[in-house]
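*Asks:* Residue numbers (numbering that gives the first Met the number 0), protein chains in the order written: chain A, 0 to 411; chain B, 0 to 411.
Dropping the structure in here first, questions after.
Protein chains: 2
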Amino acid sequence: MGAVTGVSPLAPLSFPDLPEVPGARIATASAGIRYPGRTDVMLMLFDPGTTVGGVFTRSKCPSATVDWCRAALAAGTARALLVNSGNANAFTGMRGKATVTASAGMVAEAVGCRPEDVFLASTGVIGEPLDASKFAPVIGPAAASATGTAWHEAARAIMTTDTYPKVATREVAFGGQKVVINGIAKGAGMIAPDMATMLSFVVTDAPIAAPLLTDMLRREAVDSFNAITVDGDTSTSDTLLLFATGKAGGELLADPADRRVRAFRRELADLLRDLAHQVVRDGEGARKFVAINVTGATSKKSARRIGMSIANSPLVKTAIAGEDANWGRIVAAVGKAGEPADRDRLAIYFGSLRVAVNGERDFDYSEEAASEYMRNQAITITVDLGIGRGRDTVWTCDLTKEYVAINGDYRS
Amino acid sequence: MGAVTGVSPLAPLSFPDLPEVPGARIATASAGIRYPGRTDVMLMLFDPGTTVGGVFTRSKCPSATVDWCRAALAAGTARALLVNSGNANAFTGMRGKATVTASAGMVAEAVGCRPEDVFLASTGVIGEPLDASKFAPVIGPAAASATGTAWHEAARAIMTTDTYPKVATREVAFGGQKVVINGIAKGAGMIAPDMATMLSFVVTDAPIAAPLLTDMLRREAVDSFNAITVDGDTSTSDTLLLFATGKAGGELLADPADRRVRAFRRELADLLRDLAHQVVRDGEGARKFVAINVTGATSKKSARRIGMSIANSPLVKTAIAGEDANWGRIVAAVGKAGEPADRDRLAIYFGSLRVAVNGERDFDYSEEAASEYMRNQAITITVDLGIGRGRDTVWTCDLTKEYVAINGDYRS
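Structure, rendered in structure tokens:
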């Protein structure tokens with residue numbers, strides 16, 4: 000953590016106040032897992048009747064906590080969420096499994112629920128054993144002191160290399176009433192297409208059945224967390240959970256076509272994208288926030304692959320860091336994506352400036368205007384392939400010397 | 000080029016003298032394409048009867064010169080090779096094609112051959128028009144002054160961000176006689192699995208038929224140029240050509256099972272690996288040379304994908320730069336490769352030190368010994384998946400702040 004200096008220049012200028020979500024309470028604690036002088040445990044409690052959905056990392060080497068959550072999700076009910084930072088409990092073998100079982104047991108006892116209703120997430124260093132006994136002294140007091148208002152504290156307790164806590168809130172007109180959706184997230188490195196942020200938790204008081212929660216997350220992650228990348232690396236721990244306390248009242252909704260569900264899903268999508276952008280804006284060492292639009296591809300999937308090829312190209316990302324309108328490297332990244340493309344139909348834009356058209360430099364473009372544009376903190380790059388109607392947008396950040404510094408001595 | 004300071008610390012300690020290859024002559028020249036005060040054009044001339052094989056970038060947006068070479072290769076004969084540095088003539092549209100045609104025409108006229116017997120390669124900035132008239136004053140004098148000895152000068156003329164010229168030579172017992180294989184290469188960034196170096200040219204006096212030359216290159220590139228990566232980026236210009244003058248005499252060989260061909264192929268493989276390693280050792284900003292062995296995979300192909308996932312992980316590469324034995328990031332890279340793996344059977348070694356076994360930290364391992372090992376300039380990482388017999392080795396370098404500096408202001 001020594002290399003992290005101050006808050007990302009791309010951080011939001013202000014953070015919203017998060018209202019209470021009826022049926023959910025939060026406490027944070029300092030268990031001394033790794034970071035001195037800060038909180039590193041977050042306990043969230045849910046009233047009986049709370050449903051839960053989730054999506055997880057596609058890593059073939061998931062963490063012990065991801066294994067636990069996947070199994071726990073089968074029942075679709077939740078009473079508690081325990082998250083720690085400082086240690087990912089990943090690649091920890093039988094010890095990792097024992098820690099997970101013991102932690103869930105402690106929370107279940109403090110809350111008075113079944114261990115399978117306890118969800119767990121861990122983030123931090125991989126491969127170091129996580130000692131469950133660290134949780135023992137803090138879980139009881141945390142459960143006893145939880146309140147409905149500690150959302151910012153929750154977002155802060157789950158940070159690792161993050162430079163600011165990530166929070167978002169939305170209100171949904173839900174039939175004749177209003178429901179709330181609150182979300183928190185953490186993530187700054189190891190951010191890649193498949194479940195981008197390491198951790199994000201969303202809570203609502205809407206009454207929605209568990210399978211529909213997972214279904215909505217799966218669909219809405221596509222254009223939010225799965226559409227961002229910092230370094231192309233996929234975490235072993237990526238976890239996105241959506242808890243619905245149902246305290247807004249009414250029947251439990253399970254029909255995706257229901258008008259209330261559709262309204263909810265729109266706001267959920269917006270909130271997830273907001274959190275995903277906050278993660279990119281806290282990309283390790285990031286100084287530029289970059290949106291990459293790909294249009295005219297043969298399909299959305301093809302556009303996504305090309306967008307990610309550009310967004311993960313170290314040469315493109317270092318050029319952006321250097322404020323260099325180096326569209327040649329974008330061509331190279333399009334070429335290596337392996338997707339249908341016709342070199343001689345490509346057009347490339349920085350913002351609204353067309354720099355290349357029909358497979359060559361746009362001879363009307365001004366190098367000075369392009370260079371001027373690259374000095375912006377938020378950059379939009381558009382690549383039009385000119386061969387189809389598929390389109391997609393992904394978001395990334397630049398690759399700076401600070402990224403190398405942060406990751407060259409993360410453990411020290 | 001301002002950020003490039005001195006020769007890579009990983010450069011070979013000495014460079015071999017290259018003997019003449021009967022039937023091949025070389026000249027270099029300064030055409031002032033981009034770099035002041037250095038050579039930027041290399042012309043190689045071949046006697047009639049020279050055969051040629053080649054493999055090229057898999058980029059969907061190849062350079063105009065790659066298009067040209069692919070077409071010229073159909074006849075399988077070569078009389079000249081013209082290479083320039085400073086401008087890649089890539090993404091230059093109709094102008095790029097015109098430049099290629101004009102350049103080949105100029106060389107054909109100077110040499111007295113058909114334009115289709117002239118091979119071309121260009122390396123440098125993408126997307127800037129390359130003016131063929133730059134070549135006009137230098138081709139005639141170069142053709143007139145070519146000698147059999149200018150191999151080091153040739154390797155130097157084709158450099159871009161390279162910090163040293165890359166040369167290699169081998170001698171083959173070829174039936175009752177000896178034949179020579181000389182090779183040169185350039186490349187330092189935009190180095191990726193599919194045709195790693197941007198440019199490499201190999202010349203022999205052995206009599207080998209053109210289709211067999213291409214076949215041998217295709218097979219031997221797999222574990223040489225295609226097994227290295229600096230930054231996962233694939234160039235638009237990657238070109239590997241093998242010219243055989245046949246001046247050693249004897250029948251033209253076309254049978255891959257011929258004993259002489261097999262002996263030749265072994266030495267060719269060794270020379271290509273040598274050149275490929277020289278490219279990695281000149282990786283932009285590199286301070287460490289890293290071999291990654293993957294064993295116990297379900298197949299060689301699967302082992303290759305996992306090896307490349309590790310070799311291209313910015314988190315692994317920055318950890319190596321920081322001399323941090325951070326095997327957790329290797330686990331994460333194995334996990335994201337999408338290949339069969341069993342977390343609880345993984346073992347990881349730094350050199351001969353086993354740091355993880357059976358899916359968790361090896362509790363016998365010494366953190367100090369591992370840290371000590373990471374201070375070496377050449378690092379070997381071995382990942383044993385424990386689920387099959389597939390194995391592979393790939394080579395890469397670390398990711399340093401200098402890489403970012405070099406690529407953040409390449410064009411300025």
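Ideal Cβ positions, reconstructed from N, Cα and C, are used throughout, including at glycine.
1. Name the chain B residues whose beta carbon is nearer than 7 angstroms to that of asparagine 357/A?
2. Relative to chain B, which residues along the segment 357-373 of chain A have a C-beta separation below 7 angstroms, given in chain order?
3. For asparagine 86/B, which of helix, strand or coil comes out of DSSP?
4. Can you find the residues in the same chain that come closer than 7 angstroms, C-beta to C-beta, to aspartate 170/A, ignoring five residues on each side of it along the sequence?
5. Are the CB atoms of asparagine 292/A and threonine 381/A nearer to each other than 8 angstroms?
6. Along chain A, which residues have their Cβ under 8 angstroms away from the Cβ of isoleucine 32/B?
7. Verify the CB distance criterion: does tryptophan 150/B have a CB-CB separation below 8 angstroms to chain A?
8. Just to check my reading of the structure: tryptophan 326/B and alanine 355/B have Cβ atoms closer than 8 angstroms, yes? What is that Cβ distance to the nearest angstrom?
9. When you compare the CB of lysine 335/A with every CB in chain B, is at least one pair closer than 8 angstroms?
10. Could you tell me the distance, in whole angstroms, from the CA atom of proline 35/A to the CA atom of serine 84/A?
11. Select from the segment 301-316 of chain B all residues with a C-beta closer than 8 angstroms to any C-beta belonging to chain A, and list them in chain order.
12. List, in order along the chain, the chain B residues whose C-beta lies closer than 8 angstroms to that of cysteine 60/A?
13. Specify the secondary structure class of alanine 145/A as computed by DSSP and reduced to three states.
14. Give the range of the alpha helix (DSSP H) segment to which methionine 105/A is assigned.
15. Measuring CA to CA, which of Gln277/B, Arg78/B, Gly92/B, Ala156/B is closest to aspartate 116/B?
16. Count the other C-beta atoms from every protein chain shown that fall within 10 angstroms of the C-beta of methionine 41/B, then say buried if there are 16 or more, exposed otherwise.
17. Determine the direct distance from the alpha carbon of asparagine 86/A to that of aspartate 124/A, and round the result to whole angstroms.
18. Determine the chain B residues that contact phenylalanine 320/A at a beta-carbon separation under 9 angstroms, and present them in chain order.
19. Can you tell me where the beta strand (DSSP E) holding threonine 423/B begins and where it ends?
20. Let me check understanding here. Comparing Cα to Cα, which of Ile319/A, Ala23/A, Ala285/A, Ser308/A lies closest to alanine 149/A?
21. When you compare each of Val82/B, Lys246/B, Arg218/B to glycine 48/B by their alpha carbons, which one comes out closest?
22. Rounded to whole angstroms, what's the CA-CA distance from phenylalanine 242/B to glycine 295/A? Just pull it up for me.
23. Does leucine 398/A have its Cβ less than 8 angstroms from a Cβ in chain B?
24. If you measure from the beta carbon of threonine 196/A to each beta carbon in chain B, is any gap under 8 angstroms?
25. Grab the span of the beta strand (DSSP E) containing alanine 285/A for me, first residue to last.
26. Closest Cβ-Cβ distance between glycine 387/A and chain B: below 8 angstroms?
27. Identify which residue in Ala141/A, Leu384/A, Thr162/A has its Cα closest to the Cα of arginine 303/A.
28. Please report whether the beta-carbon of tryptophan 394/B lies at a distance below 8 angstroms from any beta-carbon of chain A.
29. Return helix, strand or coil for arginine 272/B, following the three-state DSSP convention.
30. Specify the secondary structure class of glutamate 322/B as computed by DSSP and reduced to three states.
31. Quick check: the Cα distance between serine 365/B and proline 164/A, rounded to an integer number of angstroms?
32. Using CA atoms only, rank isn't needed, just tell me which of Gly5/A, Ala10/A, Val6/A is closest to leucine 274/A.
33. Measure from the C-beta of threonine 203/B to each C-beta in chain A and report whether the shortest distance is under 8 angstroms.
34. On a Cα-Cα basis, can you pick out the residue from Ser223/B, Phe349/B, Phe134/B, Ile319/B that is closest to arginine 286/B?
35. Report yes or no: is there a C-beta of chain B within less than 8 angstroms of the C-beta of isoleucine 125/A?
36. Is it buried or exposed, arginine 261/B, if we count other Cβ atoms within 10 angstroms and call 16 or more buried?
*Replies:* According to the structure shown:
1. Taking the first sequence and counting its residues from 1, the one referred to as residue 357/A is at position 358. Within chain B, Gly92 have C-beta atoms less than 7 angstroms from the C-beta of asparagine 357/A, given in sequence order.
2. When CB distances to chain B are screened at a threshold of 7 angstroms, the residues of the segment 357-373 of chain A falling below it are Asn357, Gly358, Glu359, Arg360, in chain order.
3. Position 87 of the second sequence, counted from the start, is the residue given in the question as residue 86/B. Asparagine 86/B: strand per DSSP, three-state reduction.
4. Indexing the first sequence from 1 puts residue 170/A at position 171. Here residue 170/A is glutamate; the residue named in the question, aspartate, does not match the sequence. Apart from sequence neighbours up to five positions away, the residues of its chain that approach glutamate 170/A with a beta-carbon distance below 7 angstroms are Lys177, Val179, ordered along the chain.
5. Working through the first sequence from its first residue, we reach residue 292/A at position 293. Working through the first sequence from its first residue, we reach residue 381/A at position 382. Their beta carbons are under 8 angstroms apart, which means asparagine 292/A touches threonine 381/A by this criterion.
6. Working through the second sequence from its first residue, we reach residue 32/B at position 33. Correct list: empty, because the minimum Cβ distance to chain A is about 15 angstroms.
7. The count along the second sequence starts at 1 and reaches residue 150/B at position 151. Not closer than 8 angstroms to any Cβ of chain A, the Cβ of tryptophan 150/B fails to qualify, so no.
8. On the second sequence, position 327 is the one that residue 326/B refers to. On the second sequence, position 356 is the one that residue 355/B refers to. Contact holds; Cβ gap of about 5 angstroms.
9. To locate residue 335/A, count along the first sequence from 1; it is residue 336. Contact of lysine 335/A with chain B is assigned, a C-beta pair being separated by under 8 angstroms.
10. Here residue 35/A corresponds to residue number 36 of the first sequence, with the count starting at 1. Here residue 84/A corresponds to residue number 85 of the first sequence, with the count starting at 1. Rounded to whole angstroms, the separation of the alpha carbons of serine 84/A and proline 35/A is 12 angstroms.
11. For the segment 301-316 of chain B, the beta-carbon criterion of a distance under 8 angstroms to any beta-carbon of chain A is satisfied by Asn311, Ser312, Pro313, Leu314.
12. To locate residue 60/A, count along the first sequence from 1; it is residue 61. Close partners of cysteine 60/A in chain B (Cβ separation under 8 angstroms): Val330, Ala331, Val333, Gly334, Ala340, Arg342, Leu345.
13. Here residue 145/A corresponds to residue number 146 of the first sequence, with the count starting at 1. Coil, per DSSP.
14. In the first sequence, counting from the first residue as 1, residue 105/A sits at position 106. Annotation: the continuous alpha helix (DSSP H) that includes methionine 105/A extends over 92-110.
15. To locate residue 116/B, count along the second sequence from 1; it is residue 117. The candidate whose alpha carbon is nearest that of aspartate 116/B is Arg78/B.
16. Against the second sequence, residue 41/B aligns to sequence position 42. Methionine 41/B comes out buried.
17. Indexing the first sequence from 1 puts residue 124/A at position 125. Indexing the first sequence from 1 puts residue 86/A at position 87. The sequence as given places valine at residue 124/A; aspartate does not occur at that position. When rounded, the separation of the alpha-carbon atoms in valine 124/A and asparagine 86/A is 5 angstroms.
18. By one-based count along the first sequence, residue 320/A stands at place 321. According to the sequence provided, residue 320/A is alanine. The question's phenylalanine does not apply to it. Neighbours of alanine 320/A on chain B, chain order: Val403, Asn406, Gly407.
19. Because chain B in this structure spans residues 0 to 411, residue 423/B falls outside the shown range and cannot be described.
20. The residue labelled residue 149/A in the question sits at position 150 within the first sequence. Nearest Cα to alanine 149/A within the set Ile319/A, Ala23/A, Ala285/A, Ser308/A: Ala23/A.
21. Mapped onto the second sequence, residue 48/B falls at position 49. The shortest Cα separation from glycine 48/B among Val82/B, Lys246/B, Arg218/B belongs to Lys246/B.
22. For the purposes of this step, residue 242/B is taken as the residue at position 243 of the second sequence. For the purposes of this step, residue 295/A is taken as the residue at position 296 of the first sequence. In this structure, the straight-line span from the alpha carbon of phenylalanine 242/B to that of glycine 295/A is close to 41 angstroms.
23. Position 399 of the first sequence, counted from the first residue, corresponds to residue 398/A. With respect to chain B, the C-beta atom of leucine 398/A has a partner C-beta closer than 8 angstroms.
24. Stepping through the first sequence from its first residue, residue 196/A is reached at position 197. Any reading at threonine 196/A must be qualified, since the residue scores a pLDDT of 49, below 50, and its modelled position is unreliable; no value is offered.
25. To locate residue 285/A, count along the first sequence from 1; it is residue 286. Secondary structure note for alanine 285/A: it is in no beta strand (DSSP E), with a DSSP letter that is neither H nor E.
26. One-based indexing of the first sequence puts residue 387/A at position 388. No, its Cβ sits nowhere closer than 8 angstroms to a Cβ of chain B.
27. Counting from 1 along the first sequence, the entry for residue 303/A is found at position 304. When the alpha-carbon of arginine 303/A is set against those of Ala141/A, Leu384/A, Thr162/A, the nearest one is in Leu384/A.
28. Mapped onto the second sequence, residue 394/B falls at position 395. Answer no: the Cβ-Cβ gap between tryptophan 394/B and chain A never drops below 8 angstroms.
29. On the second sequence, position 273 is the one that residue 272/B refers to. When DSSP states are grouped into helix, strand and coil, arginine 272/B belongs to the helix group.
30. In the second sequence, counting from the first residue as 1, residue 322/B sits at position 323. Residue state, collapsed to three classes: coil.
31. As a working note, residue 365/B is residue 366 in the second sequence. As a working note, residue 164/A is residue 165 in the first sequence. Rounded to whole angstroms, serine 365/B to proline 164/A spans 36 angstroms at the Cα level.
32. On the first sequence, position 275 is the one that residue 274/A refers to. Comparing Cα-Cα distances from leucine 274/A to each of Gly5/A, Ala10/A, Val6/A, the minimum goes to Ala10/A.
33. As a working mapping, residue 203/B is identified with position 204 in the second sequence. Between threonine 203/B and chain A, the shortest Cβ-Cβ separation is not below 8 angstroms.
34. For the purposes of this step, residue 286/B is identified with residue 287 of the second sequence, where counting begins at 1. Ranking the options by Cα distance to arginine 286/B, first place goes to Ile319/B.
35. If you number the first sequence from 1, residue 125/A lands on position 126. Isoleucine 125/A counts as touching chain B.
36. For the purposes of this step, residue 261/B is taken as residue 262 along the second sequence, with counting starting at 1. Arginine 261/B should be labelled exposed.
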